[in-house]
Amino acid sequence: MCGISGILAFNQVGAFYMINLAKSLDCLAQRGPDARGTYIEDRYAVGHRRLSIIDTDSRSNQPMKDESQRYVISFNGEIFNYKILRENLLQEGVSFHTNSDTEVLLQSYIHHGVKAFEELVGFFAFAIYDIEEQELILCRDRYGIKPLLYYTDEDKILFASEMKSIVAYNVPKTIDKTSLQQYFQFNYIPPQHAIFEGVQKLTPGTYLKIKNKEVIQRSFYQLPVYDQKKGASISYENAVVEFKKLMEQSVIDRLVADVPLGSFLSGGLDSSIISGIAAQHYDNMHTFSIGYEGLGPVFDESPYALEAAKHFNTKHHVFQLTELDFENNVFKALDYIDEPFADSAMLPLFILSQNASKYLKVALSGDGADELLGGYNKHDAELKVRTGDYPKKMLALFNLFSPFLTESRNSQWGNLVRRVKKFNAMKDKSSIDRYYSMCLVTQPNQLLSVLDQSVYEETEGWKARKQEIVKDIQANDKGLNDVFRSDFNTVLVGDMLYKTDMMSMANGLEVRVPFLDHRLVDFVMSLPSAYKIDALKRKKIARDAFGDMLPASIVSRKKKGFDVPVQDYLYKNEGIKSFMSTTLTPDFIREQGLFHSEFAKTMIPTKGRIIKADPHLWWAYVVFQYWYKKNRVK
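Counting from 1 along the sequence shown, just add 1 to a position and that's the residue number in my numbering.
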């Protein structure tokens, strides 16, 4: 796992920006503390920060050139089937000078071109430059596990693992107001787009070919589409057997490392499956979880994690988080996000990664299981609407009393009220509008009192972006495979994987995600929705495949999100209070020109004032303003 940065200049004006490579590379120091390297010629410059995982020998440092000196690669990620690919290349007469997956990747491209990308098992973002042809290839893995951003104009194309590394080339820091609006709706900026105008995120499963100023984007992978007319091609019983085999192989493949390895273990189904398989094949397995001291089962899953760890006989580490932990780490975590991102679960993930990195360099995680197998509350709600299988009379009775019921994420009852109210508001919408609304944390009409009117006047592009998000939704689909595809293309890459990458790499920790092995994903996506979720079970196939390996209490557990006690810990945070009261003055808000002044005033916690805004909207505002100030945005 590493960080990359580079520039291909189209002319002398573009070449002038190459002097910023060193500064850009400095911005990625946390991603690669083990080595730093650069390659520079007349029109191309590329840099690499290395976190050594496979073949830690210095000969595998990057950028790496092939023996002919024609090709140079800078690569972030891991190729888990590199030994198989290497053996195939050896049989073709290719010779190797290192034991690294980087050299295998480079030689695969040299001998097989872009077709080689289809054979890769792993996660990756890389740049390969053909010095002779002056042609650059930028490629990103199938699901966007590893980030790759780029910026292009008439003089150059820039690329990097993080936004701040792009900005280091003196890219204009002009806020994309459509992205700003989407940020406050989703709490993240949806894939492909970025907070600054002109910067884009490379679409997962695609590559760019750049030559003579021409930039061509092509796909090497697309998610399979389940054919409703053909129906199931395999019985459920056989599907369970195949799922188990593919899942076990995925975990085993991800145990390859020349450094210490462990697993995150929340006590939920996904991380328990991964940790259980890993413990069977990896000696002295370490597992890691967090708890919330004194906050009870609404937030604290650590008792379940401990039960699973005992069951698997792992060396378990529990980090009990307190208000002081958040006080000490909130701004440290925010310092590492490269654009506004308000999924508050990034804070415990940052602290978990920080502590786990003291023991190891690689951790396994359950990311992707919810999107793949129907694990979210919204999946359950959508299935109920599509099948009509929900208690209509009980819902009508609830509606009579709903004006008197208080929503809250801090209690089980309050959270139930919140979910039922949301379900009631969405159930009569079209499939497209319902899905879009369920993706949102803050509804568009709520933002009328948040963002200045000028922001809305300049964001007509939001309709096109909405279409990007809902393009896979099928109005007549009784199952949920269209929803799973949409989740893969939105929340998974834009929120979950971004969060995991940024918070783990901030601590020099590589996180691997076995549920996102493309062989497993392709198989599961080809199955009927009912194999994954029905009226009684979410993640049905996973529970049935591994029920005999897990503690019974974990098999039967309902989904528990990585919730954060925003009201308990963050509202009271003295550092946040100080930042907001001293920085976000009326003059600052007026000069910024993005928010309604009355809204901004109500966001600042002062003595005697209780913050009445939705906690997630308040947190999104805090994150944005801290990012804005730190990055000196104009």
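The beta-carbon is built from N, C-alpha and C at its ideal position, and this holds for glycine as well.
Note that this is a predicted model, so its numbers are computed, not measured.
### Query
So what's Lys167 in DSSP terms, helix, strand or just coil?
Residue identity differs from the one stated: residue 167 is Ile in this sequence, not Lys. Ile167: helix per DSSP, three-state reduction.
inquiry  = Rounded to whole angstroms, what is the Cα-Cα separation between His282 and Phe76?
reply    = 28 angstroms
Answer with buried or exposed for Met286, where buried requires no fewer than 16 other C-beta atoms within 10 angstroms of its C-beta. buried
Inter-stretch contact (C-beta, 8 angstroms, three-pair minimum) for the stretch 239-258 and the stretch 519-536 | yes
Q) Does any residue of chain C bring its CB to less than 9 angstroms from the CB of Met19? A) Protein chains in the displayed structure number just one, and chain C is not present.
Pairs of beta-carbons, one from the stretch 154-162 and one from the stretch 7-27, closer than 8 angstroms: are there three or more?
yes
Decide if Pro349 is buried, meaning its Cβ has at least 16 other Cβ atoms within 10 Å, or exposed. buried
query = In this structure, what does DSSP give as the bridge partners for Arg640?
reply = Limits of the chain in this structure are 2 at one end and 635 at the other, which puts residue 640 out of reach.
Exercise for review: Compute the beta-carbon to beta-carbon distance between Leu106 and Ile146, rounded to the nearest angstrom, for a pair I have assumed lies under 8 angstroms.
Suggested key: At roughly 15 angstroms, the Cβ-Cβ gap does not stay under 8 angstroms, so Leu106 and Ile146 are not in contact.
- From which residue to which residue does the alpha helix (DSSP H) around Leu618 run? Pro616 to Lys631
Output needed for Leu481: all residues of its chain with C-beta closer than 7 angstroms, excluding positions within five of it in sequence on either side, in chain order. Gly375, His380, Glu383, Leu384, Ser530 and Ile534
**Report entry** CA-to-CA distance, Glu119 to Thr103, given in whole angstroms
**Finding:** 16 angstroms
Taking the Cβ atom as the reference point for each residue, do Leu296 and Leu209 lie within a distance shorter than 9 angstroms? no
ask   = Can you tell me whether DSSP reads Ala233 as helix, strand or coil?
value = coil
Which same chain residues end up closer than 6 angstroms to Ala280 when comparing Cβ atoms and leaving out the 5 residues on each side of it in sequence?
Met286, Phe313 and Thr315
Review point. At which residues does the alpha helix (DSSP H) containing Leu361 begin and terminate?
Key: No alpha helix (DSSP H) holds Leu361; DSSP gives it neither H nor E.
Can you list, in chain order, the residues of its chain whose CB lies under 6 angstroms from that of Ser272, leaving out five sequence neighbours each side?
Phe265, Leu266 and Gly367
Below 8 angstroms on the Cβ atoms is my contact criterion, and I expect Ala543 with Leu270 to pass it. Report the Cβ-Cβ distance as a whole number of Å. 6 angstroms
Exercise. Hey, would you say Glu340 sits closer than 9 angstroms to Leu322, going by beta carbons?
Worked result: no
Going residue by residue through the stretch 64-96, where are the continuous beta strand (DSSP E) segments of at least 3 residues, counting only ones entirely within it? 72-80
Just to confirm the assignment, what range does the beta strand (DSSP E) spanning Arg255 have? Premise fails: Arg255 is in no beta strand (DSSP E) and is neither H nor E.
| request: Tell me whether Arg71 is buried or exposed, calling it buried when 16 or more other Cβ atoms sit within 10 Å of its Cβ. | output: exposed
Which word fits Pro404, buried or exposed, when buried means at least 16 other C-beta atoms lie within 10 angstroms of its C-beta? exposed
Can you find the residues in the same chain that come closer than 6 angstroms, C-beta to C-beta, to Ala343, ignoring five residues on each side of it along the sequence? Asn188, Trp620, Ala621 and Val624
If you check the beta carbons only, do Met581 and Met550 fall under 9 angstroms apart?
-> no
ask   = What number of angstroms, rounded off, separates the C-alpha of Leu91 from the C-alpha of Glu79?
value = 20 angstroms
Original post:
Residue range of the alpha helix (DSSP H) that Leu150 falls in?
Top reply: Taken as a continuous stretch (DSSP letters only), Leu150 belongs to no alpha helix (DSSP H), being part of the beta strand (DSSP E) at Leu150 to Thr153.
Going by beta carbon distance, what residues of the same chain come within less than 7 angstroms of Gly462, once the five residues before and after it are set aside?
Thr179
- Message: Classify Thr443: buried if its beta carbon has 16 or more other beta carbons within 10 angstroms, exposed otherwise.
- Response: buried
Point to revise | Reference Asp254; option with closest CA among Val494, Glu599, Asp518 and Asn329 | key: Asp518
* Asked: Under 9 angstroms between the Cβ atoms of Phe399 and Ile352?
  -> no
Mapping the DSSP letters down to three states, classify Lys472 as helix, strand or coil. coil
Exercise for review: Verify whether the separation of the beta carbon atoms of Phe516 and Ser251 is less than 9 angstroms.
Suggested key: yes
Which class does Glu198 belong to by DSSP, given the choice of helix, strand or coil? coil
*Take Gly594 as the anchor and find which of Ala36, Tyr629 and Tyr570 has the nearest alpha-carbon.*
Tyr629
From Asp131, Asn378, Ala553 and Glu575, pick the residue whose C-alpha is nearest to that of Arg539; which is it?
Asn378
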